[in-house]
Amino acid sequence: MINYEKAIRMILNSVKPLNGKDVLVADSIGKVLNEDVFSEYALPPFNKSAVDGYACKASDVKNRTGKLKCIGVVEAGKDFRRRIKKFECVKIFTGAPLPKGTDCIVMVEDTRQLGKLVEIFRNAKVKDNICIKGEDLKAGQKILTKGTSLRVSHVALLSSIGRKFVKVLHTPAVSVLNTGGELTPVGKRLEKNRIFNGNGPMFTALLKEDGCKRNYLGIVKDKIGDLSSAILKGLKSEVLIVSGGVSMGDYDLVPAALAKVGVKKLFHKVNIKPGKPLFFGRKGAKVVFGVPGNPISGYLCYFIFIRPALCKMRGDKNCGVELHEGVLADDYKKKTGKKHFVLINTIMERNRTLVKPVRSNGSADIASLAVSDGFMIVESDTVTLKKGSKVKYLSWK
């Protein structure tokens, strides 16, 4: 049995970023950029109007009001070819290119049209209400750096410079396998002495949240042959998660089935509670996580072991577990020996985060998980924590 710190170190040392590929910019959200991106164009690509109004010479309306002759109209996407003369103007709409000879725009709210004349009620100066070519981005400017995790705002930016495709790191494909003869698929009739399979949907939902490609292999009986066949299918993905069958009971056959198909065990059991029976192994570049069947254990193992590995595989720069600090709302006691991850609720009070342990009947108590928003971390050598103590926690809010 190894400690948490050694376990996560071994996991992260066993995986590396996957090779890159080109994807549609519209499909790139959540993926990691595998190139530096430079803008081919200036933004905006031409001087354009920021408002609806009248384009004119600032010298014609500087320190005075009066009337200008309107000689035409220019719309967004169109061009006005004639150069304007003194005391002339052009009606212009938001986004339209600036006509030749003009250097400012008077907002329509500050004017009144009188036939072919436009009365100006407010003076203006050069560049008023104009978006200047290149003021947002210069042509050739670096706009995104390799390693950036792409968001919706990046999709908008890339599209604005005309990029249809972008190079990203490959997103890991993950297979999920449930074991246990007592499990009933959701939607089926629940028979005596059986339980519904909550872990399969839980893991596939977590993987969807993390942008991974998912392959759910279903429920497999606790038989070496059946398990081995299903595991071989799962090893077609970069990552395999096997839920259940990793403890020390007579029907906990997953480690033996993994060994049978050539998966090398890197460790089995971590000195934490819950989640102690965690198995981690490799077959070539493929990695396997065998997680306990109890839902709280599985949920924790995903957050502190599986998610960091997936983050590194898709090229994220920060792969560690993000920890927060709060103040303990109640006394807490535990036995020494194991690092505990305790279900909690967090409450903001007087500019501080109160951390309140949630009552739970054990790692199978899915109801307590559903009403929690994080895990408090209690070190292995700590027995008692007093109310008001500073504590660290991870959150899924």
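Per our numbering, residue 72 is the first one in the sequence shown, and the count goes up by one each step.
Here a beta-carbon is modelled for each residue, glycine too, at the ideal position from N, C-alpha and C.
- Following the continuous beta strand (DSSP E) through LYS304, name the residue where it begins and the one where it ends. As a first step, residue 304 is located in the sequence shown; it is residue number 233 there, counting from the start. Careful: LYS304 lies outside any beta strand (DSSP E), inside the alpha helix (DSSP H) at 295–305.
- Task: Please check if any C-beta of chain C sits within less than 8 Å of the C-beta of LEU465.
- Result: Among the chains in the structure shown there is no chain C, since it carries only a single protein chain.
- Message: Relative to the C-alpha of PHE151, which candidate in GLY364, THR173, LEU139 has its C-alpha closest?
- Response: Translated into positions along the sequence shown, residue 151 becomes position 80. The shortest Cα separation from PHE151 among GLY364, THR173, LEU139 belongs to THR173.
- Item | Local Cβ density within 10 Å of LYS344, reported as buried at 16 or more and exposed below that | By one-based count along the sequence shown, residue 344 stands at place 273. Buried.
- Query: For VAL94, which residues from the same chain have a beta carbon less than 6 Å from its beta carbon, with the 5 sequence-adjacent residues on both sides left out?
  - Reply: Walking along the sequence shown from the start, residue 94 turns up at place 23. Cβ neighbours of VAL94 beyond the five flanking positions: VAL239.
- Task: Could you tell me which uninterrupted alpha helix (DSSP H) segments, each at least 4 residues in length, are contained entirely in the segment 143–231, listed from first to last along the chain?
- Result: 223–231
- Task: Return yes when the Cβ of LEU139 is within less than 8 Å of the Cβ of GLU111, no when it is not.
- Result: Residue 111 sits at position 40 when you count from the first residue of the sequence shown. Residue 139 sits at position 68 when you count from the first residue of the sequence shown. It is not a contact, given that the beta carbons lie outside the stated cut-off.
- Between which two residues does the alpha helix (DSSP H) containing PRO366 stretch? What you label residue 366 is simply residue 295 of the sequence shown in a count that begins at 1. Counting along the chain, the alpha helix (DSSP H) containing PRO366 begins and ends at 366–372.
- In DSSP terms, what GLU111 is bridged to: By one-based count along the sequence shown, residue 111 stands at place 40. For GLU111, which the question treats as bridged, DSSP gives no partner whatsoever.
- With a cut-off of 8 Å, do at least 3 Cβ pairs link the segment 244–258 to the segment 281–295? yes
- Message: Quick check on LEU104: does DSSP put it in helix, strand or coil?
- Response: Translated into the one-based positions of the sequence shown, residue 104 becomes position 33. The answer is strand: DSSP assigns LEU104 an E or B state.
- Which residue comes first and which comes last in the alpha helix (DSSP H) that contains GLU76? In the sequence shown, the residue the question calls residue 76 occupies position 5. 75–84 is the span of the alpha helix (DSSP H), which, as asked, contains GLU76.
- Query: If you compare alpha carbons, which of ASN389, LEU337, ALA356, LYS357 is closest to LEU349?
  - Reply: Locating residue 349 in the sequence shown gives position 278, counting from the first residue. For the residues ASN389, LEU337, ALA356, LYS357, the minimum Cα distance to LEU349 belongs to LEU337.
- Message: Comparing C-alpha positions only, which one of ALA97, LYS92, SER130 sits nearest to ASN105?
- Response: Here residue 105 refers to the residue found at position 34 of the sequence shown. Checked all of ALA97, LYS92, SER130; the closest Cα to ASN105 is LYS92.
- What span of residues does the alpha helix (DSSP H) with PHE274 cover, start to end? As a first step, residue 274 must be located in the sequence shown, where it is residue number 203. Its alpha helix (DSSP H) spans residues 270–280.
- Note down the Cα distance separating ILE295 from LEU456, rounded to an integer number of angstroms. Stepping through the sequence shown from its first residue, residue 295 is reached at position 224. Stepping through the sequence shown from its first residue, residue 456 is reached at position 385. Computed Cα separation, rounded: 44 Å.
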